[in-house]
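One structure below.
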Amino acid sequence: MKQIKNIHNQQCVKTNSMLSLYGFVEEHEIVVRDGKKEDLRFLYLQLRQSVGLLVYNFCHTHIKDDLQGFDMYMYHSANVKDAIYQYHGHKRTKGLPNFNLLSIQNHLEYTELLINKLLEEESNDYFALESKYKRLSQDLYHNKTNNETSVCE
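In terms of the numbering used here, the sequence shown is residues 130 to 282.
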């Protein structure tokens, strides 16, 4: 169990480093849950004027060993506070944006590939980008293809 926790922690450190290299900016939001204030950590990258990526860095302190991880979502806004609100709104209704990558620390190579492809995109159409990258992420994450490059072409 200790070895699994060490591997997981190493993956989270690598994820943090990768997000920093891409220029993700840190933002904190204080929310009240079960009568307690929680400081939630988000990282975001504005890709286009109204399209960005939001990463929620979760930390479950109520379970043994404080499980940490990262979930990524595409958002449709020029304002990160609005993006965080979009995320909270989706969490409340149990629905997520069409493009979302859960536990990206476990799939760093796929996440990097998708971020690189998004940075190369010239389209400003949020819905077209969301649809295209939803399909690509599903192909990469769920099919676990051996040829990542062919999926992205």
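Don't be surprised by glycine CBs; every beta carbon is placed ideally from N, CA and C.
For L247 and Y173, the gap between their C-alpha atoms comes out near 14 Å. The residue among Q132, T144, K131, N135 with its C-alpha nearest the C-alpha of N235 is T144. Per DSSP, Q234 is not a residue of any alpha helix (DSSP H), being assigned neither H nor E. Closest option to I233, judged by alpha-carbon separation, among K210, M147, E158, I133: M147. As far as DSSP is concerned, R264 takes part in no beta bridge. Where H157 is concerned, there is no enclosing alpha helix (DSSP H), although the beta strand (DSSP E) around it starts and stops at 154–162. Taking Y270 as the centre and dropping the five residues before and after it, the same chain places the C-beta of L230, H236, Y239 closer than 8 Å to its C-beta, in chain order. Going by beta carbons, L183 and A212 fall inside the 8 Å limit. Less than 8 Å divides the Cβ of V180 from the Cβ of N253. Your pair R170 and N186 checks out as a contact, with CB atoms roughly 4 Å apart and the cut at 8 Å.
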